[in-house]
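For the protein sequence lines, the chains are R and B, in the order given. Sequence positions in the first sequence follow our numbering and run 254 to 367. Sequence positions in the second sequence follow our numbering and run 19 to 152. A virtual CB, placed ideally from N, CA and C, is assigned to each residue, including glycine. Note sheet for the following structure.
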Amino acid sequence: MRLLAFFFIVVSLLSLVAAQLVLKRAMELSTKDGLQGSRFISLIIVGIAFMTISFFLTLGLLQRFDLSYLYPFQGLTVIFITAMAALVLKEKLNRRLIIGALLISAGIVLVSVS
Amino acid sequence: MQNRPSGFGNPWLQLGLSVMCGFVSELLLKRGATDVAHPDSAWSWTGVNGLASPLVWWAILLIIASFISWLFVLRYIPITIAYPLSRVVDVLVPLGCWIFLAESISTLRWCGIALVVIGLALVAKPVAQIEERL
Numbered sequence: 254m255r256l257l258a259f260f261f262i263v264v265s266l267l268s269l270v271a272a273q274l275v276l277k278r279a280m281e282l283s284t285k286d287g288l289q290g291s292r293f294i295s296l297i298i299v300g301i302a303f304m305t306i307s308f309f310l311t312l313g314l315l316q317r318f319d320l321s322y323l324y325p326f327q328g329l330t331v332i333f334i335t336a337m338a339a340l341v342l343k344e345k346l347n348r349r350l351i352i353g354a355l356l357i358s359a360g361i362v363l364v365s366v367s
Numbered sequence: 019m020q021n022r023p024s025g026f027g028n029p030w031l032q033l034g035l036s037v038m039c040g041f042v043s044e045l046l047l048k049r050g051a052t053d054v055a056h057p058d059s060a061w062s063w064t065g066v067n068g069l070a071s072p073l074v075w076w077a078i079l080l081i082i083a084s085f086i087s088w089l090f091v092l093r094y095i096p097i098t099i100a101y102p103l104s105r106v107v108d109v110l111v112p113l114g115c116w117i118f119l120a121e122s123i124s125t126l127r128w129c130g131i132a133l134v135v136i137g138l139a140l141v142a143k144p145v146a147q148i149e150e151r152l
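Below, the structure written as structure tokens:
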């Protein structure tokens, strides 16, 4: 039960990270190509698909655990998204942003394990 | 950050709206999912049976609103700033659970909430300085 729950939590988080990166890329494209471009539309569809997977897995998990315990796991996505945005989307990071993201994630993990 | 619309289209206002819609939707999802929970069913892991609750549908509407605001935010604000700031919801949700769902908050959990708030302040400070210069 615990292992299965962990598996679904991880899949849900990875889907959420992928969704945010894809959607950010789509919205960047929209500033150049407008909202009609085929690449923009396909990326939005892929992003929504990832978010939908994450949503239903979260809904399944919510039926078994307290929201205040379960939900903060999503806070780990702060580190993943910040790191992946710098790596994949080439966004600039500075020390303050990195420390801020680490503190937010640490705080959220503390909330989730308490 | 590029030139951005002002007024209701201001991406920082949209970020706030997105967070508030996300916050309320989480509380509705928890209440709705619990109302119709059948943990013995294998399919319940997928969460699909949660759709039987009207509260879940209200939550879905709020999630869509939050999503549209979020897309607007992503268009104008780097995700390395916007996403950490959007996690203010991780403070609001436990507080909301405490106030509205009667779930308890331990001392350790309060410490976690404090860390999140400090982290948010660190991420938000350069943003505030940029806004002052504009």
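message: Here's a check: name, in chain order, each residue in its chain whose Cβ is nearer than 8 Å to the Cβ of R/Leu-342, leaving out the five neighbours to either side.
response: Closer than 8 Å at Cβ, skipping near neighbours: Leu-274, Lys-277, Arg-278, Glu-281.
field: Counted within 10 angstroms of its Cβ, other Cβ atoms place R/Asn-347 as buried (16 or more) or exposed
entry: exposed
- prompt: Taking just the CA atoms, how far does B/Ile-117 sit from B/Val-42?
  reply: Roughly 13 Å separates the two Cα atoms.
- request: Return the first residue and the last residue of the alpha helix (DSSP H) that R/Ala-258 is part of.
  value: 255-286
message: Let me see if you follow: with CB-CB separation under 9 Å, is B/Pro-23 close to chain R or not?
response: no
- request: Thinking R/Gly-353 and B/Val-141 are a contact (beta carbons under 8 Å), I'd like their distance in whole angstroms, please.
  value: 4 Å
- prompt: Candidates B/Pro-29, B/Thr-52, B/Leu-33: which alpha carbon is nearest R/Arg-317's?
  reply: Closest option to R/Arg-317, Cα to Cα, is B/Thr-52.
- prompt: In angstroms, rounded to a whole number, what distance separates the CA positions of R/Ile-298 and B/Gly-68?
  reply: 23 Å
task: Could you give the DSSP three-state label for B/Ile-95: helix, strand or coil?
output: coil
task: Select from B/Ser-36, B/Val-74, B/Pro-29 the residue whose C-alpha is nearest the C-alpha of B/Gly-50.
output: Of B/Ser-36, B/Val-74, B/Pro-29, the residue nearest in Cα terms is B/Val-74.
field: Rounded straight-line distance, which links the Cα of B/Ala-70 to that of B/Glu-44
entry: If you take the alpha carbons of B/Glu-44 and B/Ala-70, they lie about 16 Å apart.
message: Determine whether the beta carbon atoms of B/Trp-88 and B/Leu-46 lie at a separation below 9 Å.
response: no
message: Is it the case that the segment 30-41 of chain B contacts the segment 78-88 of chain B, given that we only count it when at least three CB pairs across the two stretches are under 8 Å?
response: Yes, the segment 78-88 of chain B touches the segment 30-41 of chain B.
query: Got a sec: is the Cβ-Cβ distance from B/Ala-51 to anything in chain R below 9 Å?
result: yes
message: Quick check on B/Ile-97 - is its C-beta less than 9 Å from some C-beta in chain R?
response: yes
- request: Spatial neighbours of R/Ile-332 within its chain, please: CB distance less than 8 Å, with the 5 preceding and 5 following residues excluded, ordered by chain position.
  value: Ala-354, Leu-355, Ser-358
query: Along chain B, in chain order, which residues have C-beta atoms closer than 8 Å to that of R/Asp-286?
result: In chain order: nothing, as chain B lies at least about 12 Å away.
- request: Answer yes or no: does any C-beta atom of chain R fall closer than 9 Å to that of B/Val-42?
  value: no
Terminal residues of the alpha helix (DSSP H) in which B/Ile-117 lies: 107-118
field: Other residues of its chain near B/Phe-90: CB distance less than 7 Å, five sequence neighbours each side excluded
entry: Pro-29, Gln-32
message: Less than 6 Å between C-beta atoms, sequence neighbours within five positions excluded: which residues of the same chain meet that for B/Glu-121?
response: Cys-115, listed in sequence order.
field: Proximal residues, the segment 256-288 of chain R versus chain B, C-beta separation under 7 Å
entry: Phe-261, Gln-273, Leu-276, Lys-277, Met-280, Ser-283, Thr-284
field: Exposure label - R/Ser-307; buried when at least 16 CB within 10 Å
entry: Result: buried.
message: For a test of the three-state rule: what should DSSP assign to B/Gln-32, helix, strand or coil?
response: Residue state, collapsed to three classes: helix.
message: So with CB distances below 7 Å, who are the chain B contacts of R/Leu-312?
response: Leu-47, Ala-51, Gly-65, Gly-68
message: Run through chain R and tell me which residues come within less than 8 Å of B/Val-141, C-beta to C-beta.
response: Arg-349, Leu-350, Gly-353, Ala-354, Ile-357
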